[in-house]
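Shown next, in structure tokens, is the structure this report addresses.
Protein chains in written order, with my numbering: chain A, 1 to 339; chain B, 1 to 339.
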């Protein structure tokens, strides 16, 4: 076993689009756990769109990622050494270990990890469908959208870690589910594999008007609920077709993370259609996590909730994989395999 | 008594800004009430921003105002002749009689009028503070904003029929209340007469940046609740200063009624501040009206809720007064006195 821990730190803040030069790979000694602590070897690192926001030095819901410190991120791994009574060597754990191969953690507090059962669910899924992205989909759909059977639910970034959960949960509620995704392959997947009723390929729409026409054909009765992962012209198209008393859960504005703010073309539609538009951050709603995770785990084990992963191999590939995620090159949940 | 009823119909739909040429004054015979009906002589006609939206032939929350028919509008008046067992000659009633001097009404159904007590509250107030505008303020504040004591509430069009109610109700809940209004006189009024803590004169701000600075000075702890009557750059300024978990009740987008849609500059703030932005139309929430009206009437009688009216004299002045309302020339609730 090596005695060195490789890690990726934020070297500089992006001006405009992020690039690989914003990251720096370092080697440091593997840390030693103190009293009550454990040493975790990470098997998978999670890459998520929220990380792009943290790279800026701007007011947001979270503190900016400090320069020269390990990039924040969810991890799953195995306990290699333990001074914590409730965590044993060999336990599989999920936590926020960051973009590195090893981390020090404990059973509670800010560096806490939680034991997971890797016997029936693959370890990497705890970073996706039965992790933060899955609960994000569950919360936005159930706590904000609250769709009823027969209503039409639209979800953008439909093949992604969050969108795929939203659509499958909405289908189980008896909704008509329309995905929006980039490219024929992703659209085919959400319809054929995930069971969505329809999917709009926004890349096939040459302009906003064409996008609206495709969406109208896919959602002929209008849209009652929207789970928004994207923003920009996709949100404009959805907003224009919302039914009265529609609900929009705002989970992501990925098309705004780089460069200038994207305006919303017709905010008056919020009034004329009497919409509720609500932003949320799933980490601020810890009370729902146990219920959501139990439901998601049961769905994965039972085969009613499917998911897909893009796996990059090796920590050094994390920046490239992350930049690909921001431009939609991933297909499903993006993780980095570290073992 | 004359036998003719003067009325104003929609002569044409505006392209761009509305003008007096969109209206036509007509004289027709006073109608005769049928079985179960009453004849009402209108004392006051209400002018409200929503009427501008009805003049367009566009999808909105309400059907367009038909051409060549009497303009829709709230009215208060007196029963002149009655074939309805529950309405007597001399009763004062409020209803939707439209832009005319007389109307046929009944005790229920689409042309219904409701008896009001004009002994302790002036008749015209049933079109404003103890009418639709007052309930609008009550609903948006209590059902959507739900402010807590100590929170900061901002209301645009603060000296108007709706905004003045919002601010006074919020003050009674122990909030810091900041108005936004056009001109020193209106701002002085909402602070000195209505008891707001501060007021931002948006006309005194030369540009959006100056508007934001004025707002920041008036709401130094940020904004928890916004009752939005205006939209456009005013909403952009408010949105940029909303605190986490803030609530925005969208009641009006008056600056969008004429011409092209005004975009919202930074919709991503809905996510980063985890806001709830909700549009509403008060007529769709009939269950709250009795409670709201009772509270508003008690406030007016007790002197804790003050209001102001702009009164135009004579039906023929209604178009001019209405156009003035759309550009903020009114001060307080705009009515037309018809007797």
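Note that beta-carbon positions come from the ideal geometry of N, C-alpha and C, so glycine has one too.
Residue range of the beta strand (DSSP E) that includes residue i
i              : result
residue 38(B)  : 37-46
residue 290(A) : No beta strand (DSSP E) holds residue 290(A); the alpha helix (DSSP H) holding it covers 289-302.
residue 278(B) : 276-279
residue 77(B)  : 75-82
residue 250(B) : 242-250
residue 68(B)  : Element bounds for residue 68(B): n/a, residue is neither H nor E.
residue 203(B) : Counting along the chain, residue 203(B) falls outside any beta strand (DSSP E), and DSSP gives it neither H nor E.
residue 144(B) : First-last for residue 144(B): undefined, no H or E at that position.
residue 104(A) : 102-106
residue 180(A) : 176-181
residue 324(A) : Careful: residue 324(A) lies outside any beta strand (DSSP E), inside the alpha helix (DSSP H) at 318-326.
residue 114(B) : 113-115
Burial state of residue i (16 or more Cβ within 10 Å)
i              : result
residue 30(A)  : buried
residue 48(B)  : buried
residue 257(A) : With a pLDDT of 48 at residue 257(A), under the threshold of 50, the predicted position of this residue should be treated as unreliable, though the coordinate-derived value follows. By the 10 Å Cβ count, residue 257(A) comes out buried.
residue 205(B) : buried
residue 227(B) : buried
residue 18(A)  : buried
residue 242(A) : buried
residue 8(A)   : buried
residue 27(B)  : exposed
residue 23(B)  : buried
residue 277(B) : buried
residue 224(A) : buried
residue 343(A) : There is simply no residue 343(A) to check, as chain A begins at 1 and stops at 339 in what is shown.
residue 298(B) : exposed
residue 185(A) : exposed
residue 253(A) : buried
residue 67(A)  : exposed
residue 10(A)  : buried
residue 245(B) : exposed
residue 236(B) : buried
residue 287(A) : exposed
residue 326(B) : buried
Extent of the continuous alpha helix (DSSP H) run through residue i
i              : result
residue 188(B) : 184-192
residue 51(B)  : 50-55
residue 216(B) : 208-218
residue 305(A) : From DSSP, residue 305(A) is part of no alpha helix (DSSP H); its letter is neither H nor E.
residue 221(A) : Neither: residue 221(A) is in no alpha helix (DSSP H) and is coded neither H nor E.
residue 331(A) : No alpha helix (DSSP H) contains residue 331(A), which DSSP labels as neither H nor E.
residue 134(A) : 132-139
residue 23(A)  : Looking at the DSSP string, residue 23(A) is not in any alpha helix (DSSP H); the run it does join, the beta strand (DSSP E), is 23-29.
residue 157(A) : Counting along the chain, residue 157(A) falls outside any alpha helix (DSSP H), and DSSP gives it neither H nor E.
residue 234(B) : 232-239
residue 10(B)  : It is not in any alpha helix (DSSP H) - residue 10(B) instead sits in the beta strand (DSSP E) that spans 4-10.
residue 268(A) : 268-272
Proximal chain B residues relative to residue i, where beta-carbon distance stays under 8 angstroms
i              : result
residue 341(A) : It is not possible to answer for residue 341(A), since the shown part of chain A is limited to 1 through 339.
Partner residues on chain A for residue i, Cβ-Cβ distance less than 8 angstroms
i              : result
residue 270(B) : 250, 277, 278, 279
Supposed contact pair residue j and residue i - C-beta distance, whole angstroms, cut 8 angstroms
i              : j              : result
residue 107(A) : residue 87(A)  : 6 angstroms
residue 176(A) : residue 197(A) : 5 angstroms
residue 140(B) : residue 280(B) : 6 angstroms
residue 331(B) : residue 317(B) : About 16 angstroms; that fails the 8 angstroms criterion.
residue 233(A) : residue 264(A) : Actually they are not in contact, since the Cβ atoms of residue 233(A) and residue 264(A) sit about 10 angstroms apart, beyond 8 angstroms.
residue 115(A) : residue 93(A)  : 6 angstroms
residue 180(A) : residue 154(A) : 7 angstroms
residue 404(A) : residue 42(A)  : A question about residue 404(A) goes unanswered here, because the residues of chain A that appear run from 1 up to 339.
residue 79(A)  : residue 90(A)  : 6 angstroms
residue 62(B)  : residue 54(B)  : 6 angstroms
> Listed from N- to C-terminal order along the chain, which residues in the region 226-256 of chain B have their beta-carbon within a distance smaller than 8 angstroms of any beta-carbon of chain A?
Replying inline: 231, 235, 244, 250, 251, 252, 253, 256
> Which of the residues in the region 279-306 of chain B, read from start to end, lie with their CB under 8 angstroms from any CB of chain A?
Replying inline: 279, 280, 281, 284
> What residues in the region 210-222 of chain B bring their beta carbon closer than 7 angstroms to a beta carbon of chain A?
Replying inline: none
> Listed from N- to C-terminal order along the chain, which residues in the region 116-145 of chain A have their beta-carbon within a distance smaller than 8 angstroms of any beta-carbon of chain B?
Replying inline: Answer in chain order: no residues at all.
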